[in-house]
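The block underneath contains the structure these notes are about, expressed in C-alpha cells.
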Amino acid sequence: MAELFYDDDADLSIIQQRKVAVIGYGSQGHAHALNLRDSGVDVRVGLREGSGSAKKAEDEGLRVLTVADAVKEADVVVILAPDQVQRHVYRDEIAPNLKEGAALVFGHGFNIRFGYIKPEAGHDVLMVAPKGPGHLVRREYVDGRGVPVIVAVEQDASGSAWELALSYAKGIGGLRAGGIKTTFTEETETDLFGEQAVLCGGASQLVQYGFETLTEAGYQPEVAYFEVLHELKLIVDLMVEGGIAKQRWSVSDTAEYGDYVSGPRVIDPHVKENMKAVLADIQNGAFAERFIADQDAGAPEFTALRDKGEAHPIETTGRELRKMFSWIKPADSDYTEGSA
Ligand code: NAD
Ligand code: MG
Ligand code: MG
Ligand code: MG
Ligand code: MG
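For the sequence shown, the residue numbers in the working numbering are 4 to 343.
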C-alpha cells in the first residue's frame, strides 16, 4: 500500500519561514505561486525579461524579478518553466545564483530522471507534482479543496527534505486531498506513460478513429462528434467517481454488453504490446532524447504534428458545434480556440 500524507502530517510553518522563488508563471507556476502566497508564504516569481506572464503575476500583486534575482533571494527555488527549457535556465540563471543550502522543487521529474539537470550535493531536491492541470490546482485551492499530489525526495542534503516537501505540498493545498509518496523515477516514467498511452495520446487517437469511422460511413459529423467526443466526459466522470464498474452500472445493459464484446475487438492485445514498446522507449530515454533533440532544433516535428492535429475535421466540427452551446464555457481563460 502506498504511503499517504494529509494536512495533519505536515507543518505549514516550515515553508512559511522560507523565501520561495517560483520560476515560470504558466499553468503550474501561477497555481503554486498564488496558493503559496494565500497560505502565508513569502513568494516571488522569476521570469525572463519581457515575459508575457509578468503582467499577469504583477496584476495578482506578486513581485516579479529576473530569474537570477529571484534565485539570489530564495531558500526554495521552484522550477516550473517548460520541461524542455529547464536545463538551460538551470545552467545559465539558477545554478550560478543558488544560495548555499537552497532547496530545489520540481513539478515533474523529467530533467532529474533523464540527467539534464544535475544539482550539486548541498541542495535538497524535491518534487511536489499535482495530479491535475494548474488551473484546477488553483481553482480547487480557492474553493477550499485541493488536487492530490505526489511527493518525492531525490536528494536529502539537509536531513529534513521530507518535512520541507510535505510543508510545500500543504502550502499549495495538495494535502487537503492527499499526497502519495513516490520517487522521481516512478513519477517521471508513469506520468509520461499515462499521458502518451492513455490520457492524451491514446484517448485522442481513439476519438479520431471513431469519428473517422462514422463520417467515412456517411453519418453526419455533428452526430459523430457527440457520440465519440462529447459523451466521453460523461463516461470518464463516472469512472473517476466509481471506477469502470460504476460506468458499466450506469449505462444501459445494451451499452454494457457492447462494451464487453466490442471493447477487446477495438483495443486488442496487440495494443498492449504497443504500450509496452512505448513504456520501453520512456524507460530507456529514447522518448526524452527525441523530444529534446526536436526542441533544440526549433521543434519542427512538434509544430508539424500540432498543425496536423488542428487540421483534423473533428476540430472544425467541434468548433462550430460548441459555438451553439451556451452551457459549454471555456474553463481556461488562457486558451483560445484554434491557437493552442
Ligand atoms: P507552461 O508552459 O504552462 O508555463 C511555463 C512558464 O515558464 C511560462 O510562464 C513561461 O513564460 C515560463 N518560461 C518559459 N521560458 C522561460 C525561461 N527561459 N525562464 C523563465 N521562465 C520561462 O508550463 P507548465 O505546463 O506549467 O509546466 C511546468 C512544469 O510543471 C513542467 O515540469 C511540467 O511537466 C509540470 N507539470 C505541468 C502540469 C500542467 O498542468 N501543465 C501538471 C503537472 C506537472
Ligand atoms: Mg501528468
Ligand atoms: Mg506530464
Ligand atoms: Mg450514445
Ligand atoms: Mg447498467
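Every residue gets a Cβ at the ideal spot worked out from N, C-alpha and C, and that includes glycine. Predicted model only: the values in this text are computed from it and were never measured.
DSSP state of residue i mapped onto helix, strand, coil
{"i": "Met278", "result": "helix"}
{"i": "Val345", "result": "Outside the shown range of the chain (4 to 343) lies residue 345, about which nothing can therefore be said."}
{"i": "Pro133", "result": "strand"}
{"i": "Gly49", "result": "strand"}
{"i": "Phe305", "result": "helix"}
{"i": "Ala343", "result": "Confidence in Ala343 is poor, its pLDDT being 44 and thus under 50, which makes the residue's placement too unreliable to answer from."}
{"i": "Val67", "result": "strand"}
{"i": "Phe8", "result": "strand"}
{"i": "Met242", "result": "helix"}
{"i": "Phe328", "result": "coil"}
{"i": "Ala34", "result": "helix"}
{"i": "Gly221", "result": "coil"}
{"i": "Leu167", "result": "helix"}
{"i": "Val315", "result": "Going by the sequence as given, residue 315 is His instead of Val. Three-state result, His315: coil."}
{"i": "Ala84", "result": "coil"}
{"i": "Val210", "result": "helix"}
{"i": "Leu101", "result": "coil"}
{"i": "Lys121", "result": "coil"}
{"i": "Gly321", "result": "helix"}
{"i": "Ile270", "result": "coil"}
{"i": "Ala200", "result": "helix"}
{"i": "Ile285", "result": "helix"}
{"i": "Gly177", "result": "helix"}
{"i": "Arg3", "result": "No answer is possible for residue 3: it lies beyond the span of the chain, which begins at 4 and ends at 343."}
{"i": "Gly261", "result": "helix"}
{"i": "Gly205", "result": "helix"}
Closest Cα partner of residue i within the set the options
{"i": "Ala206", "options": "Ala227, Leu232, Ala220", "result": "Leu232"}
{"i": "Arg148", "options": "Arg179, Ser163, Glu157", "result": "Arg179"}
{"i": "Leu241", "options": "Glu123, Phe229, Val254", "result": "Val254"}
{"i": "Arg322", "options": "Tyr228, Leu169, Val131", "result": "Tyr228"}
{"i": "Gly27", "options": "Val80, Phe294, Asp271, Leu308", "result": "Val80"}
{"i": "Ala291", "options": "Lys75, Asp62, Val88, Phe109", "result": "Val88"}
{"i": "His111", "options": "Glu244, Leu37, Gly32, Gly204", "result": "Gly32"}
{"i": "Glu234", "options": "Ser54, Gln250, Leu39, Tyr222", "result": "Gln250"}
{"i": "Phe187", "options": "Gly118, Lys102, Val23", "result": "Gly118"}
{"i": "Leu7", "options": "Tyr260, Gly177, Pro85", "result": "Gly177"}
{"i": "Gly137", "options": "Ser42, Ile175, Glu63", "result": "Ile175"}
{"i": "Val23", "options": "Ser54, Tyr9, Leu83", "result": "Leu83"}
{"i": "Asp78", "options": "Leu167, Val201, Leu282, Gly29", "result": "Leu167"}
{"i": "Glu225", "options": "Phe328, Ala73, Lys58, Glu190", "result": "Phe328"}
{"i": "Gly29", "options": "Pro85, Asp62, Asp11", "result": "Pro85"}
{"i": "Asp41", "options": "Lys134, Asn114, Gly64", "result": "Gly64"}
{"i": "Ser364", "options": "Gly125, Asp299, Val264", "result": "Past the boundaries of the shown model lies residue 364; the chain is included only from 4 to 343, so the question cannot be answered."}
{"i": "Glu157", "options": "Gly135, Tyr171, Asp127", "result": "Asp127"}
{"i": "Leu282", "options": "Glu61, Gln20, Thr191, Asp146", "result": "Thr191"}
{"i": "Gly104", "options": "Met130, Arg116, Glu76", "result": "Glu76"}
{"i": "Tyr171", "options": "Val131, Leu217, Asp262, Gly261", "result": "Val131"}
{"i": "Val74", "options": "Arg51, Ser56, Glu61", "result": "Arg51"}
{"i": "Val25", "options": "Thr257, Ser56, Asp11", "result": "Ser56"}
{"i": "Thr218", "options": "Glu123, Ile317, Lys173", "result": "Ile317"}
{"i": "Asp194", "options": "Asp256, Ile285, Leu37, Gln298", "result": "Ile285"}
{"i": "Leu37", "options": "Gly197, Asn287, Glu61, Glu189", "result": "Glu61"}
{"i": "Lys134", "options": "Ile115, Leu202, Leu107, Lys121", "result": "Leu202"}
Cross-strand partners of residue i (DSSP beta bridge)
{"i": "Lys184", "result": "Val154"}
{"i": "Ala106", "result": "Val79"}
{"i": "Glu128", "result": "A quick correction: the sequence has Val, not Glu, at residue 128. Leu107, Gln158."}
Endpoints, the beta strand (DSSP E) within which residue i is located
{"i": "Lys22", "result": "22-26"}
Residue range of the unbroken alpha helix (DSSP H) whose run includes residue i
{"i": "Ala296", "result": "289-299"}
{"i": "Ala60", "result": "56-62"}
{"i": "Ile42", "result": "One point to set straight first is that residue 42 is Ser, not Ile, in the sequence displayed. Segment: none, Ser42 is in no alpha helix (DSSP H) and carries neither H nor E."}
{"i": "Ile18", "result": "15-19"}
{"i": "Phe229", "result": "Where Phe229 is concerned, there is no enclosing alpha helix (DSSP H), given that its DSSP letter is neither H nor E."}
{"i": "Arg116", "result": "113-116"}
Beta carbon proximity, residue i to chain B, threshold 8 Å
{"i": "Thr306", "result": "Looking for chain B here will not work: only one protein chain is present."}
If you pair each beta-carbon of the region 149-159 with each one of the region 83-94, do three or more pairs fall below 8 Å? no
For the structure I just gave you, are there three or more beta carbon pairs, one from the region 181-189 and one from the region 201-215, closer than 8 Å? no
How about the region 64-71 and the region 14-22: do they share at least three Cβ pairs that are nearer than 8 Å? no
For the region 306-325 against the region 140-147, do three or more pairs of beta-carbon atoms, one drawn from each stretch, fall closer than 8 Å, so that the two count as touching? Contact between the region 306-325 and the region 140-147 is absent, because fewer than three Cβ pairs lie under 8 Å.
Count the C-beta pairs between the region 28-48 and the region 95-104 that are closer than 8 Å, then say yes if the count reaches three, no if not. no
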